Amino acid sequence: SQKIEQNSEALNIQEGKTATLTCNYTNYSPAYLQWYRQDPGRGPVFLLLIRENEKEKRKERLKVTFDTTLKQSLFHITASQPADSATYLCALDNQAGTALIFGKGTTLSVSS
Amino acid sequence: GAVVSQHPSRVICKSGTSVKIECRSLDFQATTMFWYRQFPKQSLMLMATSNEGSKATYEQGVEKDKFLINHASLTLSTLTVTSAHPEDSSFYICSAPFLETQYFGPGTRLLVL
Numbered sequence: 185s186q187k188i189e190q191n192s193e194a195l196n197i198q199e200g201k202t203a204t205l206t207c208n209y210t211n212y213s214p215a216y217l218q219w220y221r222q223d224p225g226r227g228p229v230f231l232l233l234i235r236e237n238e239k240e241k242r243k244e245r246l247k248v249t250f251d252t253t254l255k256q257s258l259f260h261i262t263a264s265q266p267a268d269s270a271t272y273l274c275a276l277d278n279q280a281g282t283a284l285i286f287g288k289g290t291t292l293s294v295s296s
Numbered sequence: 244g245a246v247v248s249q250h251p252s253r254v255i256c257k258s259g260t261s262v263k264i265e266c267r268s269l270d271f272q273a274t275t276m277f278w279y280r281q282f283p284k285q286s287l288m289l290m291a292t293s294n295e296g297s298k299a300t301y302e303q304g305v306e307k308d309k310f311l312i313n314h315a316s317l318t319l320s321t322l323t324v325t326s327a328h329p330e331d332s333s334f335y336i337c338s339a340p341f342l343e344t345q346y347f348g349p350g351t352r353l354l355v356l
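Listed in order, the protein sequences are those of chains S and E.
Residues in the first sequence are numbered consecutively from 185, following my numbering.
Residues in the second sequence are numbered consecutively from 244, following my numbering.
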């Protein structure tokens with residue numbers, strides 16, 4: 185069956201460091217891989233989307249890589265800030281407009 | 244960016260009653276919307292796909308007679324939890340696709356006593 189693993193349930197880092205979150209998937213060939221941020225008691229907020237034919241995408245302090253051979257995506261937050269503390273969700277879909285399959289998320293805590 | 248709203252944000256009800264949750268796309272039209280449920284410390288699990296003008300599609304294990312979905316217009320989908328029980332207490336979130344991604348509502352916290 186399709187499976188998405190975000191292999192760290194929690195990640196604690198110091199302010200200013202780079203946070204790296206991992207998303208691995210099996211039995212799936214997604215066309216898109218997306219990263220969302222979710223704060224407690226709130227819905228997910230879209231951050232970045234990367235297509236299967238793209239290796240890397242950046243947006244401000246965020247960077248996402250996508251390796252379809254390894255079936256893995258890495259999500260980086262550079263110069264992390266306490267405001268970056270949240271749960272980050274990896275999500276896959278195989279066609280625009282279809283439902284997403286989510287990983288369990290990694291809760292990032294950035295301490296000052 | 245695209246905005247999706249949900250109402251109410253929080254609801255407490257007695258066991259056996261029905262609760263309606265609304266999901267609206269505010270600045271775009273959505274022929275399809277999705278309903279997810281999230282339990283504490285768990286990921287979002289897709290419950291059903293809401294289709295404007297036709298029946299909803301439910302995921303395996305989700306009772307269609309218990310979770311009624313109506314996609315009344317291109318900007319509104321409703322989820323009604325009928326005869327709610329304490330085990331239905333959860334965080335319900337809707338989403339709507341726009342361009343290549345999905346935009347989520349802020350969620351509805353349901354507590355059934």
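Backbone N, C-alpha and C fix where the C-beta goes; we use that ideal spot for every residue, glycine too.
None of the values given here were measured: they were computed from a predicted structure.
| Query | Result |
| --- | --- |
| Taking only three categories from DSSP, how would you classify S:Pro266? | helix |
| Cα separation between E:Pro340 and E:Gln303? | 22 Å |
| Say whether chain S places a C-beta atom closer than 8 Å to the C-beta of E:Glu343. | yes |
| Given S:Glu189, which residues of its chain have a CB within under 6 Å of its CB, disregarding the five upstream and five downstream residues? | Asn208 |
| Is the beta carbon of S:Leu264 sitting closer than 8 Å to the one on S:Val294? | In the sequence as presented, Leu is not what sits at residue 264 of chain S; that position holds Ser. Cβ distance < 8 Å, so S:Ser264 and S:Val294 count as in contact. |
| Which chain E residues sit within Cβ distance under 8 Å of S:Gly287? | Ser286 |
| With burial defined as no fewer than 16 other Cβ atoms inside 10 Å of the residue's Cβ, what is the status of S:Gly227: buried or exposed? | buried |
| If you compare alpha carbons, which of E:Thr292, E:Ala245 and E:Val305 is closest to E:Phe277? | E:Thr292 |
| Using a C-beta cutoff of 8 Å, does S:Ala270 count as contacting chain E? | no |
| My understanding is that E:Gly259 touches E:Ser326, with C-beta atoms under 8 Å, so please give their C-beta distance in whole angstroms. | 6 Å |
| Which residues in chain E sit within 7 Å of S:Tyr216, going by Cβ to Cβ distance? | Glu343 |
| From what residue to what residue does the beta strand (DSSP E) around E:Ala339 run? | Ser333 to Phe341 |
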